[in-house]
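One rule links them: number in this note's numbering = place in the sequence shown (from 1) + 1216.
Don't be surprised by glycine CBs; every beta carbon is placed ideally from N, CA and C.
Quantities reported herein were computed from a predicted structural model and do not represent experimental measurements.
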Amino acid sequence: GKHWGYGKDDGPSIWHQNFPVAEGDRQSPIDIMPQQASHDPNLGPIVLNYDHCTSLNICNNGHSVVVEFDDTDDRSVILGGPLDNPYRLKQFHFHWGGKGCHGSEHTVEGNSYASELHLVHWNAVKYRSFGEAASAPDGLAVLGIFLETGDDHRWLHTITDALYMVKYKASVTDFKGFNPKCLLPSSLHYWTYLGSLTTPPLHESVTWIVLKEPIAVSERQASFECSCSLGRKRIRGYAWKITSGPPSLSKAGKYAPPIN
Ligand SMILES: COc1cccc(N2C=Cc3cc(S(N)(=O)=O)sc3S2(=O)=O)c1
Ligand SMILES: [Zn+2]
């Protein structure tokens, strides 16, 4: 495809030249303003059925490091919340900043986090392939999880260790048996809005579900860098409609919190 990056002459401010949808009206990331989020009582909790997920490999595509999953059936799906049917887990990847600087894409009241994890799912009920879903308005659902620096994350090292195998662009290595459920925070409170891919091709095909609670990773884990271009897209305004999910009833024991 067309080249793009995060530099002065290939970065977010010129993406619109090759990807005109960059000037669209549902572009991501956004700055989330919790006070402006309207609570939608019709929104139920999100449900993550990842117990039979099959991770395949980890690769560095030059923009991010991606862990891919077998999405030939509904073995690992996200459902509930704003979604009308289950969406299949395809891959997850991170957005890191440069050394120690904050690389999250979404911000909350202007504040960015050390990093942001995106779990990308596609609507296999309505679309025949990921590629087709990736350009449909209800084709993708991306679960966004903020990472902040704090204690060492006991499971993230399995990923950071594997990254040293894919330090250079276009390298791929086996990565089996990883269940991303271990990367979830204890609460599934969320904000949701209709947005886009945050990097080219910038398709306006994403129902964003951003968890309010960040997970903690150590300074060392957050500072790892690989040759994927580190950077972030400029924030595009704010979503005209963002709704927050119901308070997680795990306190009342009604919704069992995910097994970390
Ligand atoms: C067939 O492979 C394809 C086809 C079409 C699109 C893509 N993608 C490109 C960018 C991109 C950005 C994402 S983010 N940061 O918003 O979560 S998710 C994503 S992608 O869907 O993997 C891959
Ligand atoms: Zn992403």
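Are the beta-carbon atoms belonging to residue i and residue j less than 8 Å from one another?
i	j	result
I1248	I1361	no
V1341	Q1307	no
N1273	T1376	no
F1310	S1280	yes
C1301	N1339	One detail in the question is off: residue 1301 reads as Asn in this sequence, not Cys. Yes; because the gap between Cβ atoms is below 8 Å, this pair is in contact.
G1278	A1386	yes
V1324	L1305	no
E1364	P1401	no
G1297	L1259	yes
D1225	H1219	no
H1419	S1351	yes
Whose C-alpha, out of the options, is nearest the C-alpha of residue i?
i	options	result
Y1329	V1293, F1391, G1313	G1313
G1326	P1245, Y1406, E1284	P1245
R1436	G1221, G1366, E1420, D1225	G1366
V1358	R1242, S1402, E1364, L1333	L1333
D1241	S1434, V1422, V1433	V1422
P1261	L1410, N1276, R1291, Y1406	Y1406
K1397	T1415, C1269, A1438, N1258	C1269
I1425	Y1343, S1331, P1353, L1299	L1299
H1255	H1419, T1408, T1374	T1408
G1393	T1374, L1410, L1379, M1381	T1374
N1276	Q1233, L1399, L1410, V1382	V1382
Considering only heavy atoms of ligand 2, does any lie closer than 7 Å to the CB of residue i?
i	result
T1423	no
T1477	Nothing about residue 1477 can be read from this structure; the chain reaches only from 1217 to 1476.
H1309	yes
Return yes when at least one heavy atom of ligand 1 lies under 7 Å from the C-beta of residue i, else no.
i	result
S1244	yes
A1350	yes
G1347	yes
H1334	yes
P1261	no
V1433	no
V1237	no
P1417	yes
V1358	yes
My assumption, with CB atoms under 8 Å, is that residue i sits in contact with residue j. Please give the rounded CB distance.
i	j	result
L1372	L1404	Actually they are not in contact, since the Cβ atoms of L1372 and L1404 sit about 19 Å apart, beyond 8 Å.
H1337	Y1384	H1337 to Y1384, Cβ: 28 Å. No contact.
E1321	T1414	5 Å
Count the other CB atoms within 10 Å of the CB of residue i; is the residue buried (16 or more) or exposed (fewer)?
i	result
A1455	In this prediction, A1455 scores a pLDDT of 44, lower than 50, which makes its location untrustworthy; the coordinate-derived value is nonetheless stated afterwards. Looking at its Cβ environment, which holds 16 or more other Cβ atoms inside 10 Å, A1455 is buried.
P1236	exposed
P1416	buried
S1345	exposed
S1412	buried
C1442	At C1442, the pLDDT of 48 sits below 50, so the modelled position is not reliable; the number obtained from the coordinates is stated separately. Buried, since its Cβ has 16 or more Cβ neighbours within 10 Å.
D1287	buried
P1250	exposed
Q1243	buried
G1355	buried
P1257	exposed
I want to check one thing, is the minimum distance from the CB of residue i to the heavy atoms of ligand 3 below 7 Å?
i	result
A1352	As for ligand 3, it is missing from this structure, which binds only ligand 1 and ligand 2.
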